[in-house]
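S.K.:
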Amino acid sequence: MAKSPKPGLLGSLAIGGAAIAALLAVGFLSYRSWTGLGDVEMSLHGWIAITLGTVVTLAVGGGLMFLVFYSSRKNYDDPGENP
Numbered sequence: 000m001a002k003s004p005k006p007g008l009l010g011s012l013a014i015g016g017a018a019i020a021a022l023l024a025v026g027f028l029s030y031r032s033w034t035g036l037g038d039v040e041m042s043l044h045g046w047i048a049i050t051l052g053t054v055v056t057l058a059v060g061g062g063l064m065f066l067v068f069y070s071s072r073k074n075y076d077d078p079g080e081n082p
């Protein structure tokens, strides 16, 4: 199977710029939504739920990325030999 060409510097900058722009857009929209709610109080249980949701989401994402790199390093992604 032919390997796909690696992106050049311009392609890498475009991908990085798009990722940063998307992150900034999400942050801006989140801030606007949060401040647009007005004077809303959140209880301790709400803060605990947000914190736990964030921690669990980051842990799952980190665990999945670890498995991707582990699988790649151990060559589990390569096709096996037929006996």
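Residues 0 to 82 in numbering that gives the first Met the number 0 are what the sequence shown lists, from first letter to last. Each residue gets a CB set at the ideal place from its N, CA and C atoms; glycine is no exception.
1. Hey, S70 and D76 are a contact pair by Cβ (cut 8 Å); roughly how many whole angstroms apart?
2. Out of curiosity, what's the CA-to-CA distance linking G10 and L36?
3. Could you have a look at G26 and say whether DSSP puts it in helix, strand or coil?
4. Which class does L8 belong to by DSSP, given the choice of helix, strand or coil?
M.R.: Quick answer:
1. In this structure S70 touches D76 by the C-beta definition: roughly 6 Å separates them, less than 8 Å.
2. Here the C-alpha atom of G10 lies approximately 39 Å from the C-alpha atom of L36.
3. Under the three-state reduction of DSSP, G26 is assigned to helix.
4. Correct three-state label for L8: helix.
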